[in-house]
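First up is the structure itself, then whatever we jot down about it.
Chains as they are written, first to last, in my numbering: chain A, -3 to 490; chain B, 44 to 354.
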């Protein structure tokens, strides 16, 4: 792999590349007028003085700290806890836009589940040559242990969080699918509590769709995965209190009213899974696991895992317990497989994709490789196996030497690289140091699939807190804000 | 039915919160005593320090430093900050099992003690600081009582609290009266009553007749005072017998021990205790508390798996 640009450098380069085209502004039309669905909020903001907003921001931060909605930073001297930065101002999505997102995500997840059932079953899509065989079977996230296993309703990815972005023209596109153990839903729910407190009047009048049924829907989705026992026992499996998403695991368990277990609480005996309770061992039917594939069972996957349960995968194979999401779903959100998702939708559903992908060139295809090499100065090149900005080239802002180095690396190992045009994220108003300013945002809605597919009408809007930056990941200085999905289009509530 | 690990955590939250409250109170009383005569101050410091750890001559001679260490020293195993950090860590692990109201109280007092301003607050007004901590812990207990279901989890919390309390008061009495009952002066005896939060209830029961023997009797055998050892053993027995009712498996261990200890205190006679020596009696009580603790583990938490597979 070529020596990549460093991550801050990449962030800066991506931001510069995006500057070339003005981003889509969520709140203002190009003529500077406020878009109708933001009108009520804009009036409310104009009526508040900045000190008031600042004070509400502090109240909110205190609320998060008190509730323990924090992540722990382990330092040399002392350990401190920080809250995830949360922005008070909601992002608002009108009903017609949401309808398109909802249909698009439902269609996409339907197709991806069918794809997973197929590649772990008959492999028709590979035989028909629609997706290259070695791309799927050679992916590190492909689990041959899943071959031929029965998964109820063919629902492999029971919980999916897809990342959407809005390009310059305002069109939504899918940047990435998360089918492994997506997180962030607790922030979606906590942000809603916060924005209700901050803008109660505006919230009431706007006709915002409810999201608080998410825990119920999650529980019924998980229960629908058991067809053979009434009242199945559901548990949430967490890596433990030191995991950065621990708050979310506890939160979901509490709101679903099911036990939150760790690997050490479970035992497998005769292919049945039990939890250790004060009154002896109790049988478990469904595990909503927030532990990665690699760590769920040291006998099947990583041997050095102490987070998992020895023998769990065998019990799963024997059909006595359900794991949600199924192991091996990661192959469907692989960076290279991503490029084929539109084809996958056409293949299984015979429909055109409702939500487009970001245009992606696969260097493994000779014609696309030539295009990439000829246009290195315009493209973003990513190594397939890497994430978080490693192994990346931002063509327009790389030096000639860096481009040459990458070109050599791509030629040496074309299968490992994909390329995309520079992306742009829309901007939304945010409260920054007491002033309203704009920042780039993306959108992560949550989709549940069991007996049926449900898209919760809300999302986690992630915010790149640094001016101009496109990096929204919470591990790299991103924050989040509430997302209001309106029940009706074109209603000005005033 | 609840996870064994969860029961274990709730039990320890109860223990650590009780310990934190006791240590905060002892630390406060040790500081207040420095306003008294030097001999009394040293005597009170010796009692307080021995009751929760080790009383070295150096520690006795520096009551302010010792009190601060008991409150805020993270390296001190029994300090308030350590106990509360552990209680809160346990609470985080069972966050789904306790109500938000209960969690908030504990989280708040933890943040206050471990925050950057804690040392300054202690220096500016140690008594007010410790007083607030104790009041916060009372709020925690109140929130648990008023908002948690009074089921299995709540019982493990209270079992831990009462077992810890019996042992803390037992150790305090052992330090004060283990070697005979008539050596402490009046201000010291008043301080001992304050350490067990018993001054006002004692005065109502015995009037202002502050003497060692009735104090020992009150703190050992009073049926109504919540910090007497008898009261604690009643509670321990009540919670354990309710907990065993949930369990299908018959385990005689901890309930039997708790029932026996309860009866021992219920039918104890002060004259007999004095004749045989209060030291022997207190030793016996503390040893049985230790056995109950181990019994709880064997019965509910760390049982062998092969015994508990469903049929």
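Glycine included, C-beta positions come from ideal geometry on N, C-alpha and C.
Note that the structure is predicted; figures quoted are calculated from it, not measured.
Below 8 angstroms on the Cβ atoms is my guess for residue i versus residue j; work out the distance and round it to an integer in Å.
i                     : j                     : result
residue 376 (chain A) : residue 358 (chain A) : Wrong, their Cβ atoms sit about 14 angstroms apart, outside the cutoff.
residue 255 (chain A) : residue 231 (chain A) : 5 angstroms
residue 46 (chain B)  : residue 257 (chain A) : 6 angstroms
residue 292 (chain A) : residue 308 (chain A) : 6 angstroms
residue 273 (chain A) : residue 44 (chain B)  : 5 angstroms
residue 145 (chain A) : residue 332 (chain A) : In fact, because the Cβ distance is near 24 angstroms, the residues do not count as touching under 8 angstroms.
residue 215 (chain A) : residue 252 (chain A) : 5 angstroms
residue 153 (chain A) : residue 316 (chain A) : The Cβ separation is near 22 angstroms, so there is no contact.
residue 413 (chain A) : residue 370 (chain A) : Rounded, the Cβ-Cβ distance is 14 angstroms, inconsistent with contact.
With burial defined as no fewer than 16 other Cβ atoms inside 10 Å of the residue's Cβ, what is the status of residue i: buried or exposed?
i                     : result
residue 168 (chain A) : buried
residue 384 (chain A) : Any reading at residue 384 (chain A) is ruled out, since the residue's pLDDT is 46, under 50, leaving its predicted position unreliable.
residue 268 (chain B) : buried
residue 420 (chain A) : buried
residue 17 (chain A)  : exposed
residue 220 (chain B) : buried
residue 298 (chain B) : buried
residue 78 (chain B)  : exposed
residue 98 (chain A)  : buried
residue 225 (chain A) : exposed
residue 345 (chain B) : exposed
residue 163 (chain B) : exposed
residue 353 (chain B) : exposed
residue 229 (chain A) : buried
residue 143 (chain A) : exposed
residue 71 (chain B)  : buried
residue 479 (chain A) : buried
residue 162 (chain A) : buried
residue 64 (chain B)  : buried
residue 274 (chain B) : buried
residue 312 (chain B) : exposed
Can you tell which of the options has the C-alpha that lies nearest to the C-alpha of residue i?
i                     : options                    : result
residue 7 (chain A)   : A:468, A:45, A:484         : A:468
residue 213 (chain B) : B:321, B:59, B:277         : B:321
residue 355 (chain B) : B:314, B:73, B:166, B:191  : Within the shown structure, residues of chain B are numbered from 44 to 354, placing residue 355 (chain B) beyond reach of any answer.
residue 31 (chain A)  : A:88, A:80, A:10           : A:88
residue 124 (chain B) : B:153, B:245, B:339, B:198 : B:153
residue 445 (chain A) : A:150, A:266, A:198, A:414 : A:150
residue 271 (chain B) : B:284, B:245, B:252        : B:245
residue 431 (chain A) : A:42, A:62, A:470, A:304   : A:42
residue 477 (chain A) : A:466, A:461, A:465        : A:461
residue 137 (chain A) : A:77, A:484, A:112         : A:112
residue 450 (chain A) : A:27, A:207, A:35, A:329   : A:207
residue 51 (chain B)  : B:315, B:273, B:204        : B:204
residue 133 (chain B) : B:171, B:53, B:114         : B:53
residue 250 (chain A) : B:66, B:92, B:146          : B:146
residue 141 (chain A) : A:33, A:311, A:185, A:429  : A:311
Indicate whether residue i and residue j have their beta-carbon atoms separated by less than 7 angstroms.
i                     : j                     : result
residue 323 (chain A) : residue 139 (chain A) : yes
residue 353 (chain A) : residue 338 (chain A) : yes
residue 170 (chain A) : residue 158 (chain A) : yes
residue 473 (chain A) : residue 459 (chain A) : no
residue 343 (chain A) : residue 115 (chain A) : no
residue 61 (chain B)  : residue 207 (chain B) : yes
residue 280 (chain B) : residue 302 (chain B) : yes
residue 222 (chain A) : residue 289 (chain A) : no
residue 503 (chain A) : residue 425 (chain A) : Lying before the first or after the last residue shown, residue 503 (chain A) is absent from chain A, which here runs from -3 to 490.
residue 100 (chain A) : residue 443 (chain A) : no
residue 227 (chain B) : residue 253 (chain B) : no
residue 398 (chain A) : residue 356 (chain A) : no
residue 439 (chain A) : residue 455 (chain A) : yes
residue 139 (chain B) : residue 246 (chain A) : yes
residue 276 (chain B) : residue 242 (chain B) : no
residue 218 (chain B) : residue 94 (chain B)  : yes
Residues of chain C with CB closer than 8 angstroms to the CB of residue i, please, in chain order.
i                     : result
residue 143 (chain B) : No chain C is part of this structure, whose protein chains are labelled A and B.
In the segment 248 to 283 of chain A, which residue ranges form an unbroken beta strand (DSSP E) of at least 3 residues, counting only runs that do not cross its ends?
262 to 265, 268 to 273, 276 to 279
Let me know the alpha helix (DSSP H) ranges lying completely inside the segment 288 to 323 of chain A, each 4 residues or longer, listed in chain order.
289 to 292, 308 to 313
Can you give, in chain order, each stretch of the alpha helix (DSSP H) that sits fully within the segment 365 to 446 of chain A and has at least 4 residues?
396 to 408
Length at least 4, wholly inside the segment 238 to 318 of chain B: the alpha helix (DSSP H) runs in chain order
242 to 249, 255 to 264, 272 to 289, 296 to 309
In chain order, each beta strand (DSSP E) run of at least 3 residues that lies wholly inside the segment 171 to 239 of chain B
none
3 or more residues per run - each beta strand (DSSP E) lying fully within the segment 68 to 136 of chain A:
75 to 79, 82 to 89
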